Amino acid sequence: MSLLLARIDDRLIHGQVILGCCAQLRARRLLLCNDDVAGDALQRRIYAAAVPPEVDLEILDRTTALQRLRELLRSGGDAATILLVQSPGDLLWLLRAGVDLRAVNLGGLHFRAGAQEVWPGVFLTAQERADLLDLLRRGVRVTLQTLPTAAAHEATVAELAGPGERP
Amino acid sequence: MSRSTSSTTPSEEGAPDRRGAGAGVRALVVTHGGLGQALVTTAEAVVGAHGSLSALSNQDLSAAGLQERIRAWLDASPGPALILVDEGGGSCGSAALLASAGRPRTWVLAGANIPMLVAYLSACSQLPAEALVDKVLDRARAAVKLLGIAP
């Protein structure tokens, strides 16, 4: 699968995603995979209002997103699609379900209770750390980058693995 | 966070009671980085502090974290409230809309600028909330214009 971008961003649809990623990468489709948002009419309406008309927005739960990604792969529509999720766990779920993800953009995981700052401005819960490690060990490249034009840092297992964990 | 203050002073006794309408309308400016606090500080320097105007930054906050902060501000005091955000389609606008959903007499305005805050500070004790919102929006629209072209 050659998605334009697969992005983790806990703010979901906001300026960096619309004005940065969608505009700079000329995305024609934004696929937001999030069970909570997909099941909430108010959140769907608010996020949809932030997306310009030239970008098709699809807000789907995990199961439906999986089917849609398979359709896009068959039709070639994946090349113009940005996949947006809120947590590494969503991407890991899709990967385990058979979505071929090679690279992930870690765009933003901000402070929350119980999260620790692993990189400057990037906070991870224990589960997020474990999920990112799982992605890395499956061969997925995880790149920290807020915008396509911003400085990038490629995450490594060594940065996430705790003492005594295998690299 | 500042709590709202009643606009009724002893000198106003006997005057039409505007409480529950415009009196004590609180306002929160929610922006990226330090923009909101800079706007509040600047506007208060122009027309004086009122105590009902606060700023909140989205810096380092997740969408959920920002919503929690806004809800906490709304919960701190009942009554009408304005939330001014820097950009409607950004994280601040979405968080403000989600945090204020279902709350009566809470308005979310996008495009926060100094004229809006000056208008708010100048009239928040005098106008009913609905009229105050109109005034703030009118001032915002009127403030964006071409001032001149360099020769």
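Residue numbers (the working numbering), protein chains in the order written: chain F, 6 to 172; chain H, 65 to 215. For each residue, glycine too, the CB sits at the ideal point set by N, CA and C. Note that the structure is predicted; figures quoted are calculated from it, not measured.
- Message: Along the chain, where does the beta strand (DSSP E) containing Asp14(F) start, and where does it finish?
- Response: Position 9 of the first sequence, counted from the first residue, corresponds to residue 14(F). From DSSP, the beta strand (DSSP E) with Asp14(F) extends over 10 to 14.
- Segment contact flag, the region 22 to 33 of chain F with the region 131 to 138 of chain H, C-beta cutoff 8 Å, min 3 pairs: no
- Query: chain F beta carbons: is any one of them nearer than 9 Å to that of Glu194(H)?
  - Reply: For the purposes of this step, residue 194(H) is taken as the residue at position 130 of the second sequence. Closer than 9 Å: no.
- Message: Quick check: what's the CA-CA separation for Tyr52(F) versus Cys156(H)?
- Response: Looking up residue 52(F) in the first sequence gives position 47. Looking up residue 156(H) in the second sequence gives position 92. Whole-angstrom Cα-Cα distance: 12 Å.
- For Leu146(H) and Leu117(H), the rounded distance between their alpha carbons: The residue labelled residue 117(H) in the question sits at position 53 within the second sequence. The residue labelled residue 146(H) in the question sits at position 82 within the second sequence. Cα-Cα distance, rounded: 9 Å.
- Going by the CB atoms, is the gap between His115(F) and Leu125(H) shorter than 9 Å? Taking the second sequence and counting its residues from 1, the one referred to as residue 125(H) is at position 61. Taking the first sequence and counting its residues from 1, the one referred to as residue 115(F) is at position 110. Cβ distance < 9 Å, so Leu125(H) and His115(F) count as in contact.
- Task: Label Glu59(F) either buried or exposed according to how many other C-beta atoms from any shown protein chain fall within 10 Å of its C-beta, with 16 as the threshold for buried.
- Result: Taking the first residue of the first sequence as 1, we reach residue 59(F) at position 54. Exposed, since its Cβ has fewer than 16 Cβ neighbours within 10 Å.
- Message: So, under 8 Å CB-CB, Val56(F) and Ile23(F) are touching, yes? Tell me the CB distance rounded to an integer number of Å.
- Response: As a position in the first sequence, residue 56(F) is number 51, starting the count at 1. As a position in the first sequence, residue 23(F) is number 18, starting the count at 1. Yes, Val56(F) and Ile23(F) are in contact; Cβ-Cβ is about 6 Å, under 8 Å.
- Listing by chain order, which chain F residues have their CB less than 7 Å from the CB of Gly129(H)? Within the second sequence, residue 129(H) is the residue found at index 65, counting from 1. Within chain F, the residues near Gly129(H) are His115, Phe116, Arg117.
- Message: Am I right that Ile134(H) and Val94(H) are in contact with their C-beta atoms under 8 Å? What's the rounded C-beta distance?
- Response: As a first step, residue 134(H) must be located in the second sequence, where it is residue number 70. As a first step, residue 94(H) must be located in the second sequence, where it is residue number 30. About 7 Å separates the Cβ atoms of Ile134(H) and Val94(H), confirming a contact at the 8 Å cut-off.
- Message: Going by DSSP in three states, Gln40(F) sits in which element: helix, strand or coil?
- Response: On the first sequence, residue 40(F) is found 35 positions in, with the first residue counted as 1. Checking the displayed sequence, the identity of residue 40(F) turns out to be Asp instead of Gln. The answer is helix: DSSP assigns Asp40(F) an H, G or I state.
- How many Å lie between Leu137(F) and Arg167(H) at the Cα? Locating residue 137(F) in the first sequence gives position 132, counting from the first residue. Locating residue 167(H) in the second sequence gives position 103, counting from the first residue. Going by the C-alpha atoms only, they are around 38 Å apart.
- State yes or no: is the beta carbon of Asp15(F) nearer than 9 Å to at least one beta carbon in chain H? To locate residue 15(F), count along the first sequence from 1; it is residue 10. With 9 Å as the cut-off, Asp15(F) counts as an interface residue toward chain H.
- Query: When the Cα atoms are used, what is the spatial distance from Glu122(F) to Gly94(F)?
  - Reply: Numbered from its first residue, the first sequence carries residue 122(F) at position 117. Numbered from its first residue, the first sequence carries residue 94(F) at position 89. One C-alpha to the other measures close to 18 Å.
- Task: On the DSSP bridge assignment, give the partners of Arg90(H) in chain order.
- Result: Your numbering for residue 90(H) matches position 26 in the second sequence. Answer by DSSP bridge pairing, in chain order: Ala145(H).
- Going by alpha carbons, who is nearest to Arg117(F) out of Gly129(H), Pro192(H), Val208(H), Leu173(H)? Taking the first residue of the first sequence as 1, we reach residue 117(F) at position 112. Among Gly129(H), Pro192(H), Val208(H), Leu173(H), the Cα nearest to that of Arg117(F) belongs to Gly129(H).
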